[in-house]
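Notes for the one structure printed next.
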Amino acid sequence: PKVNAKFELKPPPYPLNALEPVMSQQTLEFHWGKHHKTYVENLKKQVVGTELDGKTLEEIIVTSYNKGDILPPFNNAAQVWNHDFFWECMKPGGGGEPSGELLELIERDFGSFEKFLAEFKAAAATQFGSGWAWLAYRASKFDAENAENPPSPDEDNKLVVIKSPNAVNPLVWGCYYPLLTIDVWEHAYYLDFQNRRPDYISVFMDKLVSWDAVSSRLEEAKALITST
Amino acid sequence: MHSRGLHVYTLPDLDYDYGALEPAISGEIMQLHHQKHHQTYITNYNKALEQLDAAVAKADSSTVVKLQNAIKFNGGGHINHSIFWKNLAPVREGGGEPPKGSLGWAIDTHFGSFDALIQKVNAEGAALQGSGWVWLGLDKELKRLVVETTANQDPLVTKGPNLVPLLGVDVWEHAYYLQYKNVRPDYLKNIWKVINWKYASEVYEKESS
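The listed protein sequences correspond, in order, to chains A and B. For the working numbering, count along the first sequence from 1 and bump the result up by 1. For the working numbering, count along the second sequence from 1 and bump the result up by 898.
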């Protein structure tokens, strides 16, 4: 029997003022302390007593995405997951360049780190409205029953940059292991950058990205892929 | 060679000062929203139209098709914001005064009461995921009022070719975040204090006759 999944508001792995002056404490107080918190609270209310009670966050996301015809808990479930993931993508004194296998794969799949950076920044800047940009490792998994376009194995086993609208994340397509994300909802940057989304994206890449976190996710992804 | 000149869109002036809608909407929000956000939609709309013109001249269909998203988003942003500025008025210039005449009657007929309409718009605006707009529109074919939401910068006409926007409420975070932060419902509650119903009534009378 499954234990009921408990959805808690997980704090970022650093104090709320630790990303200053790039991302202000005020932004974190609202973004984590209000937006993220509200997603958690609303999800709890939506799930309690339903057939989704007891499922993991990932299961709720994939089930309630419902092949794009999304069911009510989807937005909250996906936003809880996205924000948990996002906080861990950053660290005080982050940025710079990745190393090791991650850098090798970036160079293999994008040509160079600079080319990857340009592609990632462009994806984040051109996401119309609210949403997310991602670096993901592509490898078909699950039975991909949620996929809108059946994944082609030819495109597997490589790094890709993708973007997603509103709460959507790459888990729903069944062929991506997300490694890095940037939140481009306006609430993620408006208090610090107002309309200047491209500035926020540049500074995020230059000063905030935790390449350690991205590297360890790549390792986890590859371990999962070889074990299945 | 093509000889027709391309129309270049420019930022329309507001009929009131940036600070004139305070305290419902702060002057800082109005200034950024108008000078930065709306201007960026216009800049990118002009850019996309220029690229479209060049692609059409070269019969480059794949570029023509590729540009549609940028045209919809930036052209829609220009259309929507141009309406939005007209939908607002300072209190001393009649902002917030409920509609009289035929639009007032139509609202009572279709929604039960003016307050019921406000509640419906607020509920749909609060529930909209991500960025978008909530509209009071006139369906010219069915001769009835409708409340609709559109995602991102989609204009109301994307929800039906006979729909005419009377009132659009911008629920992008940039429309309220500096003042209301995550509390979109408070923004929606307060914006009614500066809604220019005279403008909506004029459009309604013109389009429903």
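Heads up, the beta-carbon is just placed ideally off N, CA and C, and yes, glycines get one too.
Closest Cα partner of residue i within the set the options
i, options, result
"residue 160 of chain A", "A:169, A:177, A:14", "A:177"
"residue 931 of chain B", "B:1077, B:1093, B:1096, B:1025", "B:1077"
"residue 942 of chain B", "A:162, A:34, A:173, A:126", "A:126"
"residue 214 of chain A", "A:24, A:88, A:124, A:190", "A:88"
"residue 216 of chain A", "A:107, A:122, A:128", "A:107"
"residue 78 of chain A", "A:225, A:193, A:91, A:170", "A:170"
"residue 47 of chain A", "A:218, A:65, A:30, A:193", "A:65"
"residue 993 of chain B", "B:1082, B:1105, B:914", "B:914"
"residue 14 of chain A", "A:123, A:101, A:33", "A:33"
"residue 195 of chain A", "B:1073, B:1106, B:1096, B:1082", "B:1073"
"residue 1007 of chain B", "B:933, B:978, B:1041", "B:1041"
"residue 22 of chain A", "A:199, A:173, A:204", "A:204"
"residue 979 of chain B", "B:1063, B:1010, B:945", "B:1063"
"residue 110 of chain A", "A:71, A:156, A:134", "A:156"
"residue 1090 of chain B", "B:1107, B:1058, B:1049, B:1034", "B:1034"
"residue 968 of chain B", "B:946, B:1010, B:1107", "B:946"
"residue 944 of chain B", "B:1086, B:908, B:960, B:1096", "B:908"
"residue 1029 of chain B", "B:998, B:999, B:1069", "B:1069"
"residue 989 of chain B", "B:1057, B:1022, B:974, B:920", "B:920"
Contact check, residue i vs residue j, beta carbons under 7 Å
i, j, result
"residue 1071 of chain B", "residue 187 of chain A", "yes"
"residue 227 of chain A", "residue 86 of chain A", "no"
"residue 180 of chain A", "residue 119 of chain A", "no"
"residue 971 of chain B", "residue 1051 of chain B", "yes"
"residue 165 of chain A", "residue 130 of chain A", "no"
"residue 76 of chain A", "residue 1027 of chain B", "yes"
"residue 1043 of chain B", "residue 1004 of chain B", "yes"
"residue 1 of chain A", "residue 74 of chain A", "Here chain A has residues from 2 to 229 only, and residue 1 of chain A is not among them."
"residue 1020 of chain B", "residue 1037 of chain B", "no"
"residue 17 of chain A", "residue 27 of chain A", "no"
"residue 56 of chain A", "residue 10 of chain A", "no"
"residue 1088 of chain B", "residue 952 of chain B", "no"
"residue 1098 of chain B", "residue 1065 of chain B", "yes"
"residue 1094 of chain B", "residue 918 of chain B", "no"
"residue 209 of chain A", "residue 69 of chain A", "no"
"residue 103 of chain A", "residue 219 of chain A", "yes"
"residue 940 of chain B", "residue 976 of chain B", "yes"
"residue 29 of chain A", "residue 81 of chain A", "no"
"residue 202 of chain A", "residue 122 of chain A", "yes"
"residue 128 of chain A", "residue 185 of chain A", "yes"
"residue 1 of chain A", "residue 63 of chain A", "Because chain A spans 2 through 229 in this model, residue 1 of chain A falls outside it and cannot be assessed."
"residue 1047 of chain B", "residue 1067 of chain B", "no"
"residue 1080 of chain B", "residue 223 of chain A", "no"
"residue 158 of chain A", "residue 140 of chain A", "yes"
"residue 191 of chain A", "residue 1075 of chain B", "yes"
"residue 1103 of chain B", "residue 1000 of chain B", "yes"
Boundaries of the alpha helix (DSSP H) in which residue i is found, first to last residue
i, result
"residue 190 of chain A", "Where residue 190 of chain A is concerned, there is no enclosing alpha helix (DSSP H), given that its DSSP letter is neither H nor E."
"residue 1097 of chain B", "1095-1106"
"residue 1063 of chain B", "Per DSSP, residue 1063 of chain B belongs to no alpha helix (DSSP H); it is in the beta strand (DSSP E), 1061-1068."
"residue 125 of chain A", "114-127"
"residue 63 of chain A", "58-66"
"residue 81 of chain A", "74-89"
"residue 1007 of chain B", "999-1009"
"residue 170 of chain A", "Looking at the DSSP string, residue 170 of chain A is not in any alpha helix (DSSP H), and its letter there is neither H nor E."
"residue 933 of chain B", "Premise fails: residue 933 of chain B is in no alpha helix (DSSP H) and is neither H nor E."
"residue 1075 of chain B", "1075-1078"
"residue 204 of chain A", "198-204"
"residue 1013 of chain B", "1012-1025"
"residue 960 of chain B", "959-964"
"residue 31 of chain A", "26-31"
Residue i - containing beta strand (DSSP E), residue span
i, result
"residue 1042 of chain B", "1042-1049"
"residue 179 of chain A", "177-184"
"residue 101 of chain A", "No beta strand (DSSP E) holds residue 101 of chain A; the alpha helix (DSSP H) holding it covers 101-111."
"residue 1036 of chain B", "1030-1037"
"residue 1082 of chain B", "Counting along the chain, residue 1082 of chain B falls outside any beta strand (DSSP E), though it belongs to the alpha helix (DSSP H) covering 1082-1089."
"residue 132 of chain A", "132-139"
"residue 209 of chain A", "Per DSSP, residue 209 of chain A belongs to no beta strand (DSSP E) and is neither H nor E."
"residue 161 of chain A", "159-166"
Integer Cβ distance of residue i from residue j, believed to fall under 8 Å
i, j, result
"residue 91 of chain A", "residue 211 of chain A", "6 Å"
query = Taking Cβ-Cβ distances below 9 Å as the criterion, which residues of the stretch 177-188 of chain A are in contact with chain B?
reply = Flagged, chain order: 186, 187, 188.
key: Near-chain B residues of the stretch 56-89 of chain A (beta-carbon distance less than 8 Å), N- to C-terminal order   = 76
task = Could you name the residues of the stretch 119-135 of chain A whose beta carbon sits closer than 9 Å to any beta carbon of chain B, in the order they occur along the chain?
result = 127, 129, 130, 131, 132
task = With 8 Å as the limit, tell me which residues of the stretch 975-1005 of chain B have their beta carbon closer than that to any beta carbon of chain A; keep them in chain order.
result = none
inquiry  = By the 8 Å beta-carbon criterion, what residues does the stretch 953-971 of chain B contribute toward chain A?
reply    = 967, 971
key: Interfacial residues, the stretch 161-172 of chain A to chain B, with Cβ spacing under 9 Å   = 166, 167, 168
Positions along the stretch 1040-1072 of chain B whose CB lies within less than 9 Å of some CB in chain A = Legend: CB atoms of the stretch 1040-1072 of chain B lying less than 9 Å from CB atoms of chain A belong to residues 1049, 1050, 1051, 1070, 1071, 1072.
key: Members of the stretch 1013-1027 of chain B near chain A, C-beta cut-off 7 Å   = 1027
query = Can you list, in chain order, the residues of the stretch 30-41 of chain A whose Cβ is nearer than 8 Å to any Cβ on chain B?
reply = Those would be 31, 35, 36, 39, in chain order.
task = Report the residues of the stretch 922-941 of chain B with a CB closer than 8 Å to any CB of chain A, ordered along the chain.
result = 930, 934, 935, 938
ask   = Given a limit of 9 Å on CB to CB distance, which residues of the stretch 195-227 of chain A reach chain B?
value = 195, 196, 197
Proximal residues, the stretch 1076-1090 of chain B versus chain A, C-beta separation under 9 Å = The stretch 1076-1090 of chain B vs chain A, Cβ under 9 Å: 1076, 1079, 1080, 1081.
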